[in-house]
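Chains as they are written, first to last, in the numbering used here: chain H, 1 to 226; chain B, 1001 to 1226; chain R, 2001 to 2218; chain Y, 3001 to 3218. Note that CB positions come from ideal geometry on N, CA and C, so glycine has one too. Comments concern the structure below.
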Amino acid sequence: MINKIFATAQTALADVPDGATVMISGFGGAGMPSELIDGLIAQGATDLTVVNNNAGNGDSGLAALIAAGRVRKILCSFPRQVDSWHFDRLYRAGKLELELVPQGTLAERIRAAGAGVGGFFTPTAFGTRLAEGKETRNIDGRDYVLEYPIHADYALIKADRADRWGNLVYRKTARNFAPVMAAAARCTVVQVRETVELGALDPESIVTPGIFVQRVVRLTPMRKAA
Amino acid sequence: MINKIFATAQTALADVPDGATVMISGFGGAGMPSELIDGLIAQGATDLTVVNNNAGNGDSGLAALIAAGRVRKILCSFPRQVDSWHFDRLYRAGKLELELVPQGTLAERIRAAGAGVGGFFTPTAFGTRLAEGKETRNIDGRDYVLEYPIHADYALIKADRADRWGNLVYRKTARNFAPVMAAAARCTVVQVRETVELGALDPESIVTPGIFVQRVVRLTPMRKAA
Amino acid sequence: MNKFDRKQMAARVAQDIPEGAYVNLGIGLPTLVADYLPKGREIILHSENGVLGIGPRPAKGEEDADLINAGKEPVTLLTGGAFFHHADSFGMIRGRHLDFCVLGAFQVSAAGDLANWHTGAPEAIPAVGGAMDLAVGAKQVLVMMEHLTREGQSKLVERCSYPLTAARCVNRVYTDLAVIDVTPEGFCVIEMVEGLDLETLQRLSGVPLKYQPAARAA
Amino acid sequence: MNKFDRKQMAARVAQDIPEGAYVNLGIGLPTLVADYLPKGREIILHSENGVLGIGPRPAKGEEDADLINAGKEPVTLLTGGAFFHHADSFGMIRGRHLDFCVLGAFQVSAAGDLANWHTGAPEAIPAVGGAMDLAVGAKQVLVMMEHLTREGQSKLVERCSYPLTAARCVNRVYTDLAVIDVTPEGFCVIEMVEGLDLETLQRLSGVPLKYQPAARAA
């Protein structure tokens, strides 16, 4: 019997090695798998490359991972925020590498990895400093920049409900990057509010089919996500 | 008040010009908007370029449009079937141009058009005669072919239910190409089994948001789709 | 002369958004436009974090941490709204499905170039978010900004000195002093605040301005 | 010697599909594999027209025209199945998420090249469907075919004479005579039907065959 449900974050994250590329879902706090991140901090993996839209807010979640010195490099679209002090400090100290990617290009590069696309031409950032050094092309009168997929070793994502096959549904705008990240990682670990019986999720409404999910952990948020 | 619901296929299709590129959803009969196609036949537009997975089955739906001599060119992945006699006859007579596209590349080219992607590298068809004359590239050790988006003037698609904003849900495998075609066309016309009040569709389960839909017609199938 | 305040600017932008439009309102000042959309006009607001049909701010205590806009403020969902993932959301943007986006700006050039993401200061931590995608993707890019910097320099420029967000993308600029179209011939003023004359606006702007009130298309 | 019939071939392929695998069964002969998957092994079947979790054929009269497989035959959905659109479905394929696909073939070369979509006959109307996507996308490409053509020619070849579906993609071939792995050193027989010897198989095949029964990995 297929059963992707793990008892604890600890067991679900046990094999994350140093140096791994880890995607983390969420847009600010919405959809951020804070309890999985806490598990990753406890697990100890370091020298990580993190892919997220932001670079941490406040002192919890991704910010805590950064504050713990576990992140070598971050790919994101919007690091600088009023409460991104841990990122700001380490970045200014030269201890954290940043690859700044426009938000839509970030989403599409992640999607490309999951969909087996080797590269794609996007009009976004053409003629700007974020396209400097990149291949460009005019196609049918519009200018494009060539972008490549972002693959990951692990994706840590948050969903609302899951079944034992790993089928997922989300809640409101907490969906954001999770579905594309799930497909882009070799091993996708999901924290959910609730696990349900197989068949409890409507086949028409499953957003992430279990094929993209390797491990599911039910985790009750201990605190309001930052 | 936004109201995308049209009373008849006739009014919803009145402005399709000769020479238009028309996407038609469906995989065989499942999801084929047969009644809209009947409306298009009655409307009279000719010299059409049609995008569909197949090239018509039997004597109804797309096959009837082809039989009526309205199609100049077809882009599809699987024209030849036991019951594709209208296509077969016109193709062999040199009266119908065929662009054969692998099914996944067809879906992705349509998706690219809707998502503003100017081109993408796919591993599919590399080293085969369907990639002859196409640009190729080795990226990270894998060989890819460069493919371009397929845009359309109209998409004729079938869904199960719609509201007046054009939000859509589908039924089972009848979903197939419709969501990507809806986004790839300048004007998307949808035939639905049922129109529902705004709010009757779960925001978490809407598959095609109304932004991709211009016109909705409730049409009761007159016959089993071929 | 009577400068427009933020609310008046927002109300002026709102006037130009027609029934049925799909609109993305940028973070900050542009978000204010939502409050001034004419009652009874159905307009569908998009947010790049995966939602169409954003409604008014929730009442105090009714906020839902899972229902936020791109500025990470709590919002509500209108009846008829829908959720989707980030790649689909930016497919909508990049694929030219949004009728309008309204963005803030540091500078707009006479060619319609937009600079709104980076001051160019070497010590600044860069952050771009969805600005570049919106600028290239929306059918109409509307900019909403103060006409002058705090130091009194015009934000309408011949060429942007700040790093570009996108070239040749801006269609119309709404400032606290005027409404200005970007045309093939450069800036064209279509409205000014009461008491302002073209000569004064021209002097403040420091870049050639045409004047054609009839050009107003809203 | 006892040639495998179609059912025996399907049963033999089915043995090699492990619990939890995501599998696409090609149109025709490969579809038969579904009927021989060991009871109690949970295996999730994918069809390129947008479904995971295909179940058995429906009972007569219970067919649903909206629930079909890639061969356009009526199917059912298992508890736990899901529907999605065509671009997502081929994203699964191209993105290497399927553990196995099982395809028919005209020819397989010693390098693992696959020819299964076009006979090369100039008058033939070409049709490719999802074959090229499956061949490049699945983690393991299993081929299921008669060992010989009706004219007695081997379908295992040094180089394909038919137009390619994809190069260097086939991992294992199941015929009515043998199970053959494609290895860096060429074809390697791992099983033969009862009563067949390597010499005879070698003669029928007309292409170098190694023999290494221990190589069987299922």
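**Asked** What do you get for R:N2002, buried or exposed, if any count of 16 or more other CB atoms within 10 angstroms of its CB means buried?
**Response** Position 2 of the third sequence, counted from the first residue, corresponds to residue 2002 of chain R. Classification of R:N2002: exposed, given that the 10 Å Cβ count is below 16.
**Prompt:** Count the other CB atoms within 10 Å of the CB of R:P2038; is the residue buried (16 or more) or exposed (fewer)?
**Reply:** To locate residue 2038 of chain R, count along the third sequence from 1; it is residue 38. Flag for R:P2038 reads exposed.
**Message:** Within 7 Å of any Cβ in chain R, is that where the Cβ of H:S77 sits?
**Reply:** In the first sequence, residue 77 of chain H corresponds to position 77, counting from 1. For H:S77, the answer is yes, since a Cβ of chain R falls inside 7 Å of its Cβ.
**Asked** Which first and last residues belong to the alpha helix (DSSP H) in which H:N89 is found?
**Response** Residue numbering aside, residue 89 of chain H sits at position 89 when the first sequence is read from its first letter. It is worth fixing the name first, because residue 89 of chain H is Arg in this sequence and not Asn. Unbroken alpha helix (DSSP H) run through H:R89: 85-92.
**Beta-carbon gap between Y:F3083 and B:K1158 smaller than 7 Å** = As a working note, residue 3083 of chain Y is residue 83 in the fourth sequence. As a working note, residue 1158 of chain B is residue 158 in the second sequence. The answer is no: Cβ separation not under 7 Å.
**Item:** For H:Q214, the first and last residue of its enclosing alpha helix (DSSP H)
**Value:** Translated into positions along the first sequence, residue 214 of chain H becomes position 214. Here H:Q214 belongs to no alpha helix (DSSP H), and DSSP marks it neither H nor E.
**Prompt:** Under 7 Å Cβ-Cβ, which residues of chain D neighbour B:V1180?
**Reply:** This model lacks chain D altogether, as its protein chains are H, B, R and Y.
**Request:** Locate the beta strand (DSSP E) running through R:L2025, then write down its first and last residues.
**Result:** Mapped onto the third sequence, residue 2025 of chain R falls at position 25. Residues 2022-2025.
**Asked** Quick one: is Y:K3139 near chain B, going by C-beta distance under 7 Å?
**Response** If you number the fourth sequence from 1, residue 3139 of chain Y lands on position 139. At a cut-off of 7 Å between beta carbons, Y:K3139 makes no contact with chain B.
**Request:** Would you mind listing the beta strand (DSSP E) stretches within the segment 1101-1152 of chain B that are 3+ residues and don't spill past its ends, in chain order?
**Result:** Entirely contained in the segment 1101-1152 of chain B, the beta strand (DSSP E) runs reaching 3 residues are, in chain order, 1119-1122, 1136-1139, 1142-1147.
**Item:** Complete beta strand (DSSP E) runs within the segment 2137-2200 of chain R (minimum length 3 residues, chain order)
**Value:** Correct list: 2140-2144, 2170-2174, 2178-2183, 2186-2192.
**Prompt:** Out of curiosity, what's the CA-to-CA distance linking H:F126 and R:A2105?
**Reply:** Counted from its first residue, the first sequence places residue 126 of chain H at position 126. Counted from its first residue, the third sequence places residue 2105 of chain R at position 105. Between H:F126 and R:A2105, the C-alpha separation is close to 18 Å.
**Asked** Does B:I1118 get closer than 7 Å to chain H when you measure Cβ to Cβ?
**Response** In the second sequence, counting from the first residue as 1, residue 1118 of chain B sits at position 118. Residue identity differs from the one stated: residue 1118 of chain B is Gly in this sequence, not Ile. Interface criterion met: the Cβ of B:G1118 is under 7 Å from a Cβ in chain H.
**Prompt:** Based on Cα-Cα distance, which residue from B:I1074, B:P1079, B:A1009 lies nearest to B:Q1191?
**Reply:** Here residue 1191 of chain B corresponds to residue number 191 of the second sequence, with the count starting at 1. In terms of Cα proximity to B:Q1191, the closest of B:I1074, B:P1079, B:A1009 is B:A1009.
**Prompt:** Is it buried or exposed for H:M1, if we count other Cβ within 10 angstroms and need 16 for buried?
**Reply:** Along the first sequence, one-based indexing puts residue 1 of chain H at 1. Exposed, because fewer than 16 other Cβ atoms sit within 10 Å of the Cβ of H:M1.
**Request:** Please report the residue range of the alpha helix (DSSP H) in which Y:F3090 lies.
**Result:** Walking along the fourth sequence from the start, residue 3090 of chain Y turns up at place 90. 3086-3094 is the extent of the alpha helix (DSSP H) around Y:F3090.
**Item:** R:Q2202 - partner residues in DSSP beta bridges
**Value:** Mapped onto the third sequence, residue 2202 of chain R falls at position 202. Note: R:Q2202 sits in no beta bridge, so no partner.
**Prompt:** At least one CB of chain Y closer than 7 Å to the CB of H:I2: is that the case?
**Reply:** Here residue 2 of chain H is taken as the residue at index 2 of the first sequence, counted from 1. Interface with chain Y (7 Å Cβ-Cβ cutoff): H:I2 is included.
**Item:** Cut-off 7 Å between Cβ atoms - residues of its own chain near R:A2218, not counting five sequence neighbours on either side
**Value:** Counting from one through the third sequence, the residue named residue 2218 of chain R turns up at place 218. Reliability of the predicted coordinates at R:A2218 is poor, the pLDDT of 46 falling under 50, and the value obtained from them is presented with this limitation in mind. Cβ neighbours of R:A2218 beyond the five flanking positions: Q2015, D2016.
**Message:** Any C-beta of chain H within less than 9 Å: which residues of the segment 1048-1061 of chain B qualify?
**Reply:** Per Cβ criterion, the list is empty.
**Prompt:** Counting pairs of Cβ atoms below 8 Å between the segment 2089-2096 of chain R and the segment 95-113 of chain H, do you hit three or more?
**Reply:** Short answer: they touch.
**Message:** Suppose the cutoff is 8 Å on Cβ atoms and the five residues either side in sequence are ignored; what does the same chain contact list for Y:A3138 look like?
**Reply:** Numbered from 1 along the fourth sequence, position 138 holds the residue referred to as residue 3138 of chain Y. Apart from sequence neighbours up to five positions away, the residues of its chain that approach Y:A3138 with a beta-carbon distance below 8 Å are N3024, I3093, R3096, L3098, D3099, F3100, C3101, ordered along the chain.
**Message:** Strictly below 7 Å CB to CB, what residues from chain Y border H:P209?
**Reply:** The residue labelled residue 209 of chain H in the question sits at position 209 within the first sequence. The answer, in chain order, is L3052, A3082, F3084.
**Asked** Which residues bound the alpha helix (DSSP H) around B:S1034?
**Response** Mapped onto the second sequence, residue 1034 of chain B falls at position 34. Per DSSP, B:S1034 belongs to the alpha helix (DSSP H) from 1034-1043.
**Request:** Please list the residues of the segment 3055-3071 of chain Y that have a C-beta atom closer than 9 Å to any C-beta atom in chain B, keeping them in chain order.
**Result:** From the segment 3055-3071 of chain Y, only D3064, A3065, D3066, L3067, I3068, N3069, A3070 have a Cβ closer than 9 Å to chain B.
**Message:** For H:Q214, count the other beta carbons within 10 Å of its own beta carbon; 16 or more makes it buried, fewer makes it exposed. Which is it?
**Reply:** Within the first sequence, residue 214 of chain H is the residue found at index 214, counting from 1. Classified as buried, H:Q214 has 16 or more neighbouring CB atoms from the shown chains inside 10 Å of its CB.
**Prompt:** Which of helix, strand or coil does DSSP assign to Y:K3007?
**Reply:** The residue labelled residue 3007 of chain Y in the question sits at position 7 within the fourth sequence. Helix at Y:K3007.
**Item:** Inter-residue Cα distance where the pair is R:G2071 and H:A45
**Value:** Here residue 2071 of chain R refers to the residue found at position 71 when the third sequence is read from its first residue. Here residue 45 of chain H refers to the residue found at position 45 when the first sequence is read from its first residue. The straight-line gap from Cα to Cα measures roughly 32 Å.
**Asked** Under 7 Å between C-beta atoms, does B:P1033 make it to chain R?
**Response** The count along the second sequence starts at 1 and reaches residue 1033 of chain B at position 33. For B:P1033, the answer is no, since every Cβ of chain R falls outside 7 Å of its Cβ.
**Beta carbon proximity, Y:N3222 to chain B, threshold 7 Å** = Residue 3222 of chain Y cannot be examined here, being either before or after the span of chain Y that is shown, 3001 to 3218.
**Request:** Kindly list, in the order they appear in chain H, the residues whose Cβ is closer than 7 Å to that of R:T2165.
**Result:** The residue labelled residue 2165 of chain R in the question sits at position 165 within the third sequence. Simply T128.
**Request:** Could you have a look at H:K158 and say whether DSSP puts it in helix, strand or coil?
**Result:** Residue numbering aside, residue 158 of chain H sits at position 158 when the first sequence is read from its first letter. The answer is strand: DSSP assigns H:K158 an E or B state.
**Message:** Just verifying my parser: in three-state terms, what is the DSSP assignment at R:P2074?
**Reply:** By 1-based counting over the third sequence, the position of residue 2074 of chain R is 74. DSSP, reduced to helix, strand and coil, places R:P2074 within a strand of the structure shown.
**Request:** Out of H:A131, H:P203, H:R137, state which residue places its alpha-carbon closest to the alpha-carbon of H:G166.
**Result:** The residue you call residue 166 of chain H lines up with position 166 of the first sequence. Nearest of H:A131, H:P203, H:R137 to H:G166, Cα basis: H:P203.
**Request:** Return the CA-CA distance between B:P1149 and B:V1180, expressed in angstroms with no decimal places.
**Result:** The residue labelled residue 1149 of chain B in the question sits at position 149 within the second sequence. The residue labelled residue 1180 of chain B in the question sits at position 180 within the second sequence. Between the alpha carbons of B:P1149 and B:V1180 lies a gap of roughly 12 Å.
**Prompt:** Can you find a CB in chain Y that lies within less than 7 Å of the CB of B:F1177?
**Reply:** Here residue 1177 of chain B corresponds to residue number 177 of the second sequence, with the count starting at 1. True, the Cβ-Cβ gap to chain Y drops below 7 Å.
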